[in-house]
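Accompanying notes for the structure given below.
2 protein chains.
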Amino acid sequence: MNLKQLSHMLSLSQTTVSRALNGYPEVNEETRRRVMDAAKRHGYRPNPSARRLATGKSGMIGYVLPTGAAVDIDPHFVEFLSGLGDYARSHELDLVLSPADADDEETTYRRIVANRQVDAVYLSSPRPADKRLALVNTLGIPFIVHGRSEGFDFDYPYLDIDNEGAFHEASRLLIQLGHKRLALINGNERETFAIHRERGMRRALAANGLALGERHIRSAAMTEENGYRAARRLLEEAEPPTAIVCSSLIMALGVVRAVRDLGLAIPGDLSLVAHDDVFPWLRPENFPVPLSTTRSSIRLAGARVAERLAARISGLEEGARGEVWPVDLVVRGSVAGAPA
Amino acid sequence: MNLKQLSHMLSLSQTTVSRALNGYPEVNEETRRRVMDAAKRHGYRPNPSARRLATGKSGMIGYVLPTGAAVDIDPHFVEFLSGLGDYARSHELDLVLSPADADDEETTYRRIVANRQVDAVYLSSPRPADKRLALVNTLGIPFIVHGRSEGFDFDYPYLDIDNEGAFHEASRLLIQLGHKRLALINGNERETFAIHRERGMRRALAANGLALGERHIRSAAMTEENGYRAARRLLEEAEPPTAIVCSSLIMALGVVRAVRDLGLAIPGDLSLVAHDDVFPWLRPENFPVPLSTTRSSIRLAGARVAERLAARISGLEEGARGEVWPVDLVVRGSVAGAPA
DNA sequence: AGAGACTTCCAAAGCGCTTTGGCTATTTTG
DNA sequence: CAAAATAGCCAAAGCGCTTTGGAAGTCTCT
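Residue numbers (my numbering), protein chains in the order written: chain C, 1 to 340; chain R, 1001 to 1340.
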């Protein structure tokens, strides 16, 4: 059932039927009703390919997925996706994942824009002066960044959590508990979120006359193994930290294992705080010692990004609006006063 | 730059240029070269929307993503995606995720097929007599199932791992080590993979005159917490198992925690084997006691599914070919002889 | 040399929608 | 009451590609 058939059936022109269906004003309300009715009754659905060719709009949002044998997709991605899908579903928005060589995402961005494959895109895990961001900004496709970049002479729309504030608060808590040697186990130091977290921690330390020594900060991909290694290194130093702030729950698993291997205890010998993106399959309250966290649901972020993307597509949102979500600090058993 | 301009520039008809580009035989090789050349030089790329309207092919593969507030996307999904993307990238195949209400995926399947939004789809986590499978089979769109279903009177193309064989082998090993009370901590019992695993285990036990008691089998979503709970229940029984086979590494984390909480030791009091889908961020060799596993890379499966999907789209693969991958049994420190 | 078979190319007809530019009544306005 | 504005509808022109149905030229064969 296509437009032609439907309009013939109604003894109307395709023009009128199309307009009636798309809510244009120059059509009699009575006629519109008739059209709407017939459309519903016959289950008419405009062919998206045709509509797309005519309008240039696809009704889909895009994400360029970096791939490669050595590239691991962040497990956070799936939770973010959950949220995104949750919103998208109710608006019949589909998501197009365009796999790209991790070393050359530009080609892919250009392709999906040139082809008008999607109406908007989102970027994630941005770095300072991220090329993708500059690119997408000049390409002129609506977009939103999940996270933030730095060092641009233009503003851009984004959704981020207050990473700096979160780690500032976590550190402040530890300092108040008497800790003087804090350490940071961070994610990839080239990503903005990691930089912000470090910044927040340094600020809290500085405010109390303390500093974060070079060897008290470790950065690596957020795996259990890297968490373990970082923790071992830190704890085997001459003057080991008495508190660690850690960028991910997965890494925290490794930290806990390292602490055990070394015959130490949490929180007796070491206080631990980690950032929690809220995974359904790994919860901080279920750690051997319930883990204190800075918490922010990445799933909600996904839903919000979808919502804003949809708003941008339909012209309801414009400009370079940045949105920063506060982060909860949840104190559980893994923190205690500094050992004497 | 579109076909019209390009053909005008070459003083050829659109027909000829289109044919030259698409490899049709009825065009002079010399002409073809000229066309190819010009196309490359001017960076001509056929507009996919137009091509799509004309051919009905979209160059994309689809996946219906069940969503909802209470629905968690499996963390395995992201690894599978990695593999899929890896292959898709090299073939400029995009993946369309169509979010659907988890209680009504049918509408979404019908929509993407009716709209010809994608050339093929894949399904995952099938259950016995899975409705989606029957649906997609009648809708007539090329598809592949990742996993298997049961109870249909038709065959269908799938890619699965030998879950039954894997758990059979794991159980056999434990039995050989003298264990008589084995327990199974399984994933959702309604999914086929879980049924197959249980079957494999029962078969190994039966072959040795043993059985799997009702209370020695637990099924639940594969989270750390559920692993913990299942393990506690099992180990607090009057006659606790001396060996557990567990369907997921994430659940195994919970099992390990439970064992610790109860003051028991692996492998002294309990032998443990788990299935490992190979996550980059959580490796069995890094468990407190290196974990024995049945191992199969879900990432490779993703790549293979993409490959077969591509083959089906282009007509290179046909029929209901099923492919079952063997699973490695990797023995590490978490298994030992049964306690006396 | 003429018929038939290739080879190589083209004009034009879709694919199914949106949108432009009227056209005809009917209402409103001065 | 004539002129102007408005309401409601339509025919036809795209959007940019693929594909059908020739047509013209070249070979092959008898």
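Idealized CB from N, CA, C, for every residue including glycine.
> Going by DSSP, what residues sit across from R/ALA1183 in a beta bridge?
Replying inline: R/ILE1244
*Take the Cβ of C/HIS146 as the centre, count every other Cβ of all protein chains shown within 10 Å, and call the residue buried at 16 or more, exposed below.*
buried
Anticipated Cβ contact below 8 Å, C/ASN115 with C/ASN47, distance rounded:
C/ASN115 to C/ASN47, Cβ: 18 Å. No contact.
For a cutoff of 8 Å on Cβ pairs, would you count R/LEU1235 as touching chain C? no
Check the Cβ of R/ALA1207 against every Cβ in chain C and list those closer than 8 Å, keeping chain order. Going along chain C, no residue has its Cβ under 8 Å from R/ALA1207, so there is no contact; the nearest lies around 34 Å.
Opposing strand residues paired with C/GLU323 [DSSP bridges]: C/LEU159
Next item on the list: Closer than 6 Å by C-beta to R/PRO1326: which residues in its own chain qualify, once you throw out the five before and the five after it? Chain order, please.
Entry: ASP1162
Three or more C-beta pairs under 8 Å: does that hold for the segment 262–269 of chain C against the segment 203–216 of chain C?
no
### Task
Please name the residues in the segment 111–144 of chain C whose beta-carbon is closer than 9 Å to at least one beta-carbon of chain R, in chain order.
ARG111, ILE112, ALA114, ASN115, ARG116, GLN117
Would you kindly report the start and end of the unbroken beta strand (DSSP E) that includes C/LEU210?
From DSSP, C/LEU210 is part of no beta strand (DSSP E); its letter is neither H nor E.
Pairwise C-alpha distance: R/LEU1135 and R/GLU1106 = 8 Å
For this session: Out of C/SER11, C/VAL330, C/THR16, state which residue places its alpha-carbon closest to the alpha-carbon of C/LEU174.
Result: C/VAL330
- Measure the beta-carbon distance from C/ALA258 to C/TYR228 and round it to whole angstroms, keeping in mind my assumption that it falls under 8 Å. 5 Å
Exercise for the section: Go ahead and pull the three-state DSSP assignment for R/MET1251. Expected result: helix
Problem - 3-residue-minimum beta strand (DSSP E) runs that sit fully inside the segment 1016–1067 of chain R, ordered along the chain - result: 1060–1067
**Q.** Top-ranked residue by Cα proximity to C/LEU65, from C/TYR87, C/THR108, C/PRO25, C/ALA88
**A.** C/THR108
Please confirm whether C/ALA100 has its beta-carbon closer than 8 Å to some beta-carbon of chain R.
yes
I need the boundaries of the beta strand (DSSP E) containing R/HIS1275, first residue and last residue.
1271–1276
Taking just the CA atoms, how far does R/ILE1250 sit from C/HIS179? 33 Å
Practice item. Would you identify the three-state DSSP class for C/ILE73, choosing helix, strand or coil? Key: coil
Go to R/ARG1283, then tell me how far its alpha helix (DSSP H) extends in each direction, as first and last residue.
Segment: none, R/ARG1283 is in no alpha helix (DSSP H) and carries neither H nor E.
Among C/GLY337, C/ALA310, C/LEU81, which residue has its Cα nearest to the Cα of C/LEU93? C/ALA310
Please state whether the Cβ-Cβ distance between C/HIS168 and C/MET222 is less than 8 Å.
no
Quick one: residues in its chain with C-beta nearer than 6 Å to the C-beta of C/TYR158, no 5 flanking neighbours on either side, listed in chain order? VAL145, ARG148, GLY322
Report the partner residues of C/ASP130 according to the DSSP bridge assignment.
Answer by DSSP bridge pairing: none, since C/ASP130 is not bridged.
Query raised in the report: So C/SER7 is in the beta strand (DSSP E); what residue range does that whole segment cover?
Result: Where C/SER7 is concerned, there is no enclosing beta strand (DSSP E), although the alpha helix (DSSP H) it sits in stretches over 3–10.
Below 8 Å on the Cβ atoms is my contact criterion, and I expect C/ALA230 with C/ILE185 to pass it. Report the Cβ-Cβ distance as a whole number of Å.
5 Å
Relative to the C-alpha of C/PRO126, which residue among C/ARG190, C/ASP72, C/ARG51, C/ARG89 is closest? C/ARG190
* **Residues of its chain near C/ARG133, where Cβ-Cβ distance is below 8 Å and the 5 sequence neighbours each way are ignored** => According to the sequence shown, residue 133 of chain C is Leu rather than Arg. Answer for C/LEU133: LEU123, PRO126, VAL145, SER149, PHE152, TYR156, listed in chain order.
**Those residues which DSSP pairs with C/ALA100 across a bridge** = C/PRO66
Closer than 9 Å, Cβ to Cβ, to anything on chain C: give me those residues from the segment 1213–1226 of chain R, in chain order.
ALA1221, MET1222, THR1223, GLU1224, GLU1225, ASN1226
- DSSP state of C/ARG116 mapped onto helix, strand, coil: coil
Checklist entry - Which word fits R/PHE1154, buried or exposed, when buried means at least 16 other C-beta atoms lie within 10 angstroms of its C-beta? => result exposed
Report the three-state DSSP secondary structure of R/VAL1345 (helix, strand or coil).
-> This structure gives no information on residue 1345 of chain R, because the portion of chain R shown stretches from 1001 to 1340.
**Asked** Under a CB-based cut-off of 8 Å, is R/PRO1075 close to chain C?
**Response** yes
- Environment of C/ARG33 [buried if 16+ CB atoms lie within 10 Å]: exposed
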